[in-house]
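Engineer: Structure below; questions to follow.
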Amino acid sequence: MNKRVVITGLGIVAPNGVGLETFTNAIKNGISGIKHDPELARLQFSCHIAGKPEVSTELSLNYFTELELRNFNSSGILYGVIAGIDAWKDADLSMEINDEPDWESGTIFGTGTSGIDKFRESIYKIDDFQTRRLGSTAVAQTMNSGVSAYLGGKLGLGNQVTTNSSACTTGTESILMAFERIKSGQAKRILAGSTSDSGPYIWGGFDAMKVCTFKNNEIPEQGSRPMSATASGFVPGSGAGAMVMEDLETALTRGAKIYAEVLGGNLNSGGQRGLGTMTAPNPVAVQKCIKDALKNAGIHPKEIDAINGHLTATSKDSLEIQNWSEALDRRGVNFPYINSLKSMVGHCLTGAGSVESVASVLQLHHGFIFPNTNCEDLHPEITALIDVSRIPQKLIEKELTIIAKASFGFGDVNGCVIFKKYNPNPSPSHPSNSELE
Amino acid sequence: MDKKETIEKLKNIVKPYIKNQEAFENITEKTDFIADLQINSANLVDVILDIEEEFDIIIDNQSMERMLDIKSAMEIIEIKLSEK
Numbered sequence: 001m002n003k004r005v006v007i008t009g010l011g012i013v014a015p016n017g018v019g020l021e022t023f024t025n026a027i028k029n030g031i032s033g034i035k036h037d038p039e040l041a042r043l044q045f046s047c048h049i050a051g052k053p054e055v056s057t058e059l060s061l062n063y064f065t066e067l068e069l070r071n072f073n074s075s076g077i078l079y080g081v082i083a084g085i086d087a088w089k090d091a092d093l094s095m096e097i098n099d100e101p102d103w104e105s106g107t108i109f110g111t112g113t114s115g116i117d118k119f120r121e122s123i124y125k126i127d128d129f130q131t132r133r134l135g136s137t138a139v140a141q142t143m144n145s146g147v148s149a150y151l152g153g154k155l156g157l158g159n160q161v162t163t164n165s166s167a168c169t170t171g172t173e174s175i176l177m178a179f180e181r182i183k184s185g186q187a188k189r190i191l192a193g194s195t196s197d198s199g200p201y202i203w204g205g206f207d208a209m210k211v212c213t214f215k216n217n218e219i220p221e222q223g224s225r226p227m228s229a230t231a232s233g234f235v236p237g238s239g240a241g242a243m244v245m246e247d248l249e250t251a252l253t254r255g256a257k258i259y260a261e262v263l264g265g266n267l268n269s270g271g272q273r274g275l276g277t278m279t280a281p282n283p284v285a286v287q288k289c290i291k292d293a294l295k296n297a298g299i300h301p302k303e304i305d306a307i308n309g310h311l312t313a314t315s316k317d318s319l320e321i322q323n324w325s326e327a328l329d330r331r332g333v334n335f336p337y338i339n340s341l342k343s344m345v346g347h348c349l350t351g352a353g354s355v356e357s358v359a360s361v362l363q364l365h366h367g368f369i370f371p372n373t374n375c376e377d378l379h380p381e382i383t384a385l386i387d388v389s390r391i392p393q394k395l396i397e398k399e400l401t402i403i404a405k406a407s408f409g410f411g412d413v414n415g416c417v418i419f420k421k422y423n424p425n426p427s428p429s430h431p432s433n434s435e436l437e
Numbered sequence: 001m002d003k004k005e006t007i008e009k010l011k012n013i014v015k016p017y018i019k020n021q022e023a024f025e026n027i028t029e030k031t032d033f034i035a036d037l038q039i040n041s042a043n044l045v046d047v048i049l050d051i052e053e054e055f056d057i058i059i060d061n062q063s064m065e066r067m068l069d070i071k072s073a074m075e076i077i078e079i080k081l082s083e084k
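Chains as they are written, first to last, in full-length UniProt numbering: chain E, 1 to 437; chain Y, 1 to 84.
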């Protein structure tokens, strides 16, 4: 018997807000987290602006011991642990330390790199014949699964504890992996999320590829321009998002607050065939991913109220809109609302899928659509496909039922997840309900 | 450097790593880093690096291996200091 899967806790560490309240306020009001980055300028990057969450040592000490913070230099683990623990607490779950692991709870917390600054530090020491001085945490901070390992220990998780990695699709993938595990009854609860390191050593490769904008160095807050005619590349970002996903029965039994239901979704790859390459998506695969996600969730394309796009502010934005339009067979004024969080936070890379999914779930929960900023000059290829009214540039307060969220990543990988406002009494025709019978 | 001073310095070094406050307060030459102070075994290398820094000495692998309590730590520190 398949379980229904709901979201009962959220945590967020984003460039424009750390903590749910600050972040919700920021996205409702179009507040940018993009700033001039002196370090990128000093290192002669083309792009001198970035989105970085602000985390003080004082805040870190609420999540890590002083000992853990000694020689700690992993921004990705820092963000991930804060978001993860916040989500856990938001779900009203206990932080009590028991001898027995919590066998029913696990974490799938993705990332692309771990502790890249720590890694750099270690490499310098090794090359200086100082390997013996690396200390005891160089491995834990630089292993990719560092973030899930830290979280697993802090929460005493006894179910699957792992880190997934699929470039910019990572965060969306972790939600869908958690969904499958809970749906099939292998876990009652999974802390799903993803994170990304900050700084020049993670962003340098993108800068070298010229996929980051270098035209907006003087106007950081207007620098990230998804769907705009003057979009000229993405703004590098970082951060983490996390959600506690739980089987419905368990959530109801403990009287948990339910933010939304995960109806289903799809993960696929374009195989770097057709128009797909290491860095460009195969549109056939993107459309198939969206269509298969709807099928998996048991919903009709016309039921989608809003889309939270991948929309990075590169020349591929028009192609993404075209893919959505064709996959859903909806265009003009019949296209769902669509927005991109990247206009405010930049591209949080492996953290993006989670940060943006948290924003999507907040929209469902509170009933609003956050505004797209920096697209007052919409790209004509986009307005040729969908009506301007579908791309809100002001906050819309509105009850929503279904949001589709997609992420696409290097390696030609795609993920699409379908979130639904939780309805305790779904109509009998609803597929996820009939599955319960 | 007298013994008392060395113990005091060691006490400050191990402080962030200990999990048994009582054993820490009653530290003697016989105190064992893992059994008594309940220092995580992985952290022993950090303790040793901190000792190296504090006393400006280098502790070789063989010495490191037997540096499991205050007494052996004091002996090794003394030897290394005398070799300087």
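All C-beta atoms, glycine included, are put in the ideal place defined by N, C-alpha and C.
Please read these numbers as outputs of a predicted model, since none were measured by experiment.
(1) Go ahead and pull the three-state DSSP assignment for K125/E.
(2) Determine, using beta carbons only, whether G237/E and G135/E come nearer to each other than 8 Å.
(3) For a test of the three-state rule: what should DSSP assign to M95/E, helix, strand or coil?
(4) Are any of the Cβ atoms in chain E nearer than 8 Å to that of D46/Y?
(5) From the DSSP secondary-structure annotation, give me the bridge partner or partners of L191/E.
(6) Shorter than 8 Å from the beta carbon of G135/E to some beta carbon of chain Y?
(7) For D387/E, which residues from the same chain have a beta carbon less than 7 Å from its beta carbon, with the 5 sequence-adjacent residues on both sides left out?
(8) Answer with buried or exposed for P283/E, where buried requires no fewer than 16 other C-beta atoms within 10 angstroms of its C-beta.
(9) Evaluate the contact criterion for the segment 81 to 98 of chain E versus the segment 205 to 225 of chain E: three or more CB pairs, one atom per stretch, below 8 Å.
(10) Closest to L93/E by CA distance: which of P301/E, S46/E, N73/E, L157/E is it?
(11) Can you pull the chain E neighbours of L49/Y, defined as C-beta to C-beta under 7 Å?
(12) Can you tell which of I369/E, S354/E, L364/E, E399/E has its C-alpha closest to the C-alpha of I108/E?
(13) Taking Cβ positions, are G171/E and S194/E nearer each other than 8 Å?
(14) Just verifying my parser: in three-state terms, what is the DSSP assignment at A384/E?
(15) Whole angstroms are fine: how far does the CA of P53/E sit from the CA of L20/E?
(16) Check G204/E in the structure and name its three-state DSSP category.
(17) Taking only beta-carbon atoms, is E320/E less than 8 Å away from chain Y?
(18) Could you check where the beta strand (DSSP E) with F410/E kicks off and where it finishes?
(19) Given a limit of 9 Å on CB to CB distance, which residues of the segment 69 to 95 of chain E reach chain Y?
(20) Does the beta-carbon of Q363/E have 16 or more other beta-carbons within 10 angstroms, so that it is buried, or is it exposed?
(21) Tell me, please, whether the segment 217 to 236 of chain E touches the segment 149 to 166 of chain E by the rule of three or more beta-carbon pairs shorter than 8 Å.
(22) Return the chain-ordered list of same chain residues with a C-beta closer than 7 Å to the C-beta of S340/E, the five sequence neighbours on each side being excluded.
(23) Which residues in the same chain have their Cβ closer than 7 Å to the Cβ of P301/E, if we skip the five residues on either side of it in sequence?
(24) Name the residues in the segment 54 to 69 of chain E whose C-beta lies less than 8 Å from a C-beta of chain Y; which are they?
(25) Does the Cβ of L78/E have 16 or more other Cβ atoms within 10 Å, making it buried, or fewer, making it exposed?
(26) For I76/Y, which residues from the same chain have a beta carbon less than 7 Å from its beta carbon, with the 5 sequence-adjacent residues on both sides left out?
Structural biologist: Reading it off the structure:
(1) As a working mapping, residue 125/E is identified with position 125 in the first sequence. Of the three classes helix, strand and coil, the one that applies to K125/E here is helix, per DSSP.
(2) Counted from its first residue, the first sequence places residue 237/E at position 237. Counted from its first residue, the first sequence places residue 135/E at position 135. Contact: no.
(3) Within the first sequence, residue 95/E is the residue found at index 95, counting from 1. Coil, per DSSP.
(4) As a working note, residue 46/Y is residue 46 in the second sequence. It does: the Cβ of D46/Y has a partner Cβ on chain E nearer than 8 Å.
(5) One-based indexing of the first sequence puts residue 191/E at position 191. Beta-bridge analysis with DSSP links L191/E to T107/E, V244/E.
(6) Translated into the one-based positions of the first sequence, residue 135/E becomes position 135. So yes, G135/E belongs to the interface.
(7) Here the question's residue 387/E lines up with position 387 in the first sequence. Its chain contains G332, V333, F335 as the residues whose beta carbon lies nearer than 7 Å to that of D387/E, once the 5 sequence neighbours on both sides are disregarded; these appear in chain order.
(8) Walking along the first sequence from the start, residue 283/E turns up at place 283. Buried, since its Cβ has 16 or more Cβ neighbours within 10 Å.
(9) The segment 81 to 98 of chain E, when compared against the segment 205 to 225 of chain E, does not touch it at the 8 Å Cβ threshold.
(10) Counted from its first residue, the first sequence places residue 93/E at position 93. Restricting attention to P301/E, S46/E, N73/E, L157/E, the CA atom closest to the CA of L93/E is found in L157/E.
(11) On the second sequence, position 49 is the one that residue 49/Y refers to. The answer, in chain order, is R133, G135.
(12) Taking the first residue of the first sequence as position 1, residue 108/E is located at position 108. The shortest C-alpha separation from I108/E is found at S354/E.
(13) Walking along the first sequence from the start, residue 171/E turns up at place 171. Walking along the first sequence from the start, residue 194/E turns up at place 194. A Cβ-Cβ contact shorter than 8 Å links G171/E with S194/E.
(14) Along the first sequence, read from residue 1 onward, the residue named residue 384/E stands at position 384. Three-state result, A384/E: coil.
(15) Counted from its first residue, the first sequence places residue 20/E at position 20. Counted from its first residue, the first sequence places residue 53/E at position 53. If I take the Cα positions, the gap works out to 13 Å.
(16) The residue labelled residue 204/E in the question sits at position 204 within the first sequence. DSSP places G204/E in the helix class (H, G or I) of the three-state scheme.
(17) The residue you call residue 320/E lines up with position 320 of the first sequence. Output row for E320/E: interface = no.
(18) Translated into the one-based positions of the first sequence, residue 410/E becomes position 410. Per DSSP, F410/E belongs to no beta strand (DSSP E) and is neither H nor E.
(19) So the close ones are R70, N71.
(20) What you label residue 363/E is simply residue 363 of the first sequence in a count that begins at 1. Buried, because 16 or more other Cβ atoms sit within 10 Å of the Cβ of Q363/E.
(21) Contact between the segment 217 to 236 of chain E and the segment 149 to 166 of chain E is absent, with fewer than three C-beta pairs closer than 8 Å.
(22) As a working mapping, residue 340/E is identified with position 340 in the first sequence. Short of 7 Å from the beta carbon of S340/E, and not among the five residues preceding or following it, lie these beta carbons of its own chain, in chain order: P226, M227, G309, L311, N372.
(23) Locating residue 301/E in the first sequence gives position 301, where the first residue counts as 1. If we look at P301/E and ignore the five residues flanking it on each side, its Cβ neighbours are L294, L328, D329, R330.
(24) Within the segment 54 to 69 of chain E, the residues whose Cβ lies closer than 8 Å to some Cβ of chain Y are E66, L67, listed in chain order.
(25) What you label residue 78/E is simply residue 78 of the first sequence in a count that begins at 1. So L78/E ends up on the buried side.
(26) Here residue 76/Y refers to the residue found at position 76 of the second sequence. Close CB contacts of I76/Y within its chain, under the 7 Å cut and outside five residues either way in sequence, are with I59, S63, M67 (chain order).
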